[in-house]
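Undergrad: Residue numbers (my numbering): 3 to 254. This is the structure I want to talk about, given as structure tokens.
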Ligand SMILES: Cc1cc2nc3c(=O)[nH]c(=O)nc-3n(C[C@H](O)[C@H](O)[C@H](O)COP(=O)(O)O)c2cc1C
């Protein structure tokens with residue numbers, strides 16, 4: 003017999019989904035391989051464009067994870083110091099090129115006016131909750147740099163999407179990721195989706211066999227959440243008023 007939603011009370015689903023929050027500090031406790039396998043299995047039950055599943059996942063653990071993290075941190079040190087410094091350090095950065103993004107440069111582009119306030123709000127509230135002042139570039143770069151230690155998570159997965167399906171591949175990957183993150187949450191694990199790790203695809207490719215037909219979308223840090231205060235941070239969630247577009251009649 004299959005699962006029959008009509009026999010269940012759906013309210014717990016809303017409660018469960020809304021209780022997922024991004025984890026930004028993990029315990030070093032290893033995640034059992036069978037648990038990683040389970041959440042990956044669950045990720046594959048998401049719907050997909052013509053059932054094509056136009057994505058691949060690289061799971062970095064142990065020495066592979068550590069090597070990638072070390073190289074990311076080294077590049078981030080050079081990039082962040084270069085960007086913080088004066089004209090001369092910027093020139094040096096652009097001449098030497100080490101640290102500059104090798105993929106997804108779009109991430110460093112400023113947000114458009116419509117979306118900027120939301121990104122600014124979460125930045126202000128998150129950094130504020132950590133005691134990092136708005137003008138403290140070093141403090142902000144240090145906090146951002148934790149992305150490259152995967153916030154201490156023992157598992158980092160890198161999500162690749164097939165180039166041929168463009169936005170539809172990203173859509174499918176997003177659905178798959180949400181399934182994965184909710185399954186992880188249900189199993190007591192924390193997750194952090196990480197656009198920050200999409201900069202340096204070449205580092206990941208050095209460790210895994212990844213076809214040129216695929217491009218890096220983002221990463222997800224996975225592990226057991228620590229008790230750190232950052233894990234209690236509650237990002238603002240927009241309401242239906244901001245989600246729904248008006249009918250033309252309502253506009254006037
Ligand atoms: C595709 C994607 C990329 C993200 N990249 C990062 C990141 O690089 N670093 C980070 O700390 N959080 C990252 N996040 C987490 C978001 O900041 C977070 O989901 C948002 O603020 C809402 O908070 P919540 O997940 O706790 O509901 C990312 C989320 C998504 C979906």
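Even for Gly, the Cβ is constructed at its ideal location relative to N, Cα and C.
Check whether the segment 212-221 touches the segment 80-88, taking contact to mean three or more Cβ pairs, one atom from each stretch, closer than 8 Å.
TA: Verdict: no, contact absent.
Undergrad: Got a sec: does ligand 1 put a non-hydrogen atom nearer than 7 Å to the Cβ of residue 197?
TA: By one-based count along the chain shown, residue 197 stands at place 195. True, at least one ligand heavy atom lies under 7 Å from that Cβ.
Undergrad: Using a Cβ-Cβ cut-off of 8 Å (strictly less than) and excluding sequence neighbours within five positions of residue 237, which residues of its own chain qualify?
TA: Mapped onto the chain shown, residue 237 falls at position 235. Here the set comprises 23, 24, 124, 127 and 128.
Undergrad: Exposed or buried, residue 240, counting other C-beta atoms within 10 Å across all chains shown (16 or more means buried)?
TA: Translated into the one-based positions of the chain shown, residue 240 becomes position 238. It is exposed - the Cβ of residue 240 has fewer than 16 other Cβ atoms within 10 Å.
Undergrad: Suppose contacts are defined by Cβ-Cβ distances below 8 Å. Is residue 45 in contact with residue 185 by that definition?
TA: Within the chain shown, the letter at position 43 stands for residue 45. Within the chain shown, the letter at position 183 stands for residue 185. Yes, the Cβ-Cβ distance between residue 45 and residue 185 is below 8 Å.
Undergrad: Tell me whether the beta-carbon of residue 61 lies closer than 8 Å to the beta-carbon of residue 38.
TA: Taking the first residue of the chain shown as position 1, residue 61 is located at position 59. Taking the first residue of the chain shown as position 1, residue 38 is located at position 36. Yes, they are a contact pair.
Undergrad: Using a Cβ-Cβ cut-off of 7 Å (strictly less than) and excluding sequence neighbours within five positions of residue 224, which residues of its own chain qualify?
TA: In the chain shown, counting from the first residue as 1, residue 224 sits at position 222. Closer than 7 Å at the Cβ level, and outside the excluded window around residue 224, lie 33, 155, 157, 159, 186, 191 and 193.
Undergrad: Specify the secondary structure class of residue 41 as computed by DSSP and reduced to three states.
TA: Reading the chain shown from its first residue, position 39 is the one you call residue 41. If DSSP states are grouped into helix, strand and coil, residue 41 belongs with the helices.
Undergrad: Ends of the beta strand (DSSP E) at residue 158?
TA: Counted from its first residue, the chain shown places residue 158 at position 156. Where residue 158 is concerned, the enclosing beta strand (DSSP E) stretches over 157-164.
Undergrad: Do residue 200 and residue 106 have their C-beta atoms closer together than 8 Å?
TA: Position 198 of the chain shown, counting from 1, holds the residue named residue 200. Position 104 of the chain shown, counting from 1, holds the residue named residue 106. Yes, they are a contact pair.
Undergrad: Compare the beta carbon distance of residue 72 and residue 203 with 8 Å and say whether it is the shorter of the two.
TA: Numbered from its first residue, the chain shown carries residue 72 at position 70. Numbered from its first residue, the chain shown carries residue 203 at position 201. Contact: no.
Undergrad: Assuming residue 179 and residue 206 make a contact with CB atoms under 8 Å, what is their CB distance in whole Å?
TA: Working through the chain shown from its first residue, we reach residue 179 at position 177. Working through the chain shown from its first residue, we reach residue 206 at position 204. Contact doesn't hold; Cβ gap of about 16 Å is too wide.
Undergrad: What do you reckon, is the C-beta of residue 276 under 7 Å from a heavy atom of ligand 1?
TA: Only positions 3 to 254 of the chain appear in the structure, and residue 276 is not among them; the question remains open.
Undergrad: Tell me the DSSP secondary structure of residue 58 in three-state form.
TA: Sequence index remark: in the chain shown, residue 58 carries index 56 (1-based). Strand at residue 58.
Undergrad: Let me check you understand the geometry: is the CB of residue 149 closer than 7 Å to at least one non-hydrogen atom of ligand 1?
TA: Along the chain shown, one-based indexing puts residue 149 at 147. The answer is yes for residue 149.
Undergrad: For the beta strand (DSSP E) that contains residue 1, what are its first and last residues?
TA: Limits of the chain in this structure are 3 at one end and 254 at the other, which puts residue 1 out of reach.
Undergrad: By how many angstroms is the C-alpha of residue 121 removed from the C-alpha of residue 140?
TA: Here residue 140 corresponds to residue number 138 of the chain shown, with the count starting at 1. Here residue 121 corresponds to residue number 119 of the chain shown, with the count starting at 1. Rounded to the nearest angstrom, the two C-alpha atoms are 19 Å apart.
Undergrad: Pull up the DSSP beta-bridge partners for residue 195, would you.
TA: Walking along the chain shown from the start, residue 195 turns up at place 193. 222, per the DSSP bridge assignment.
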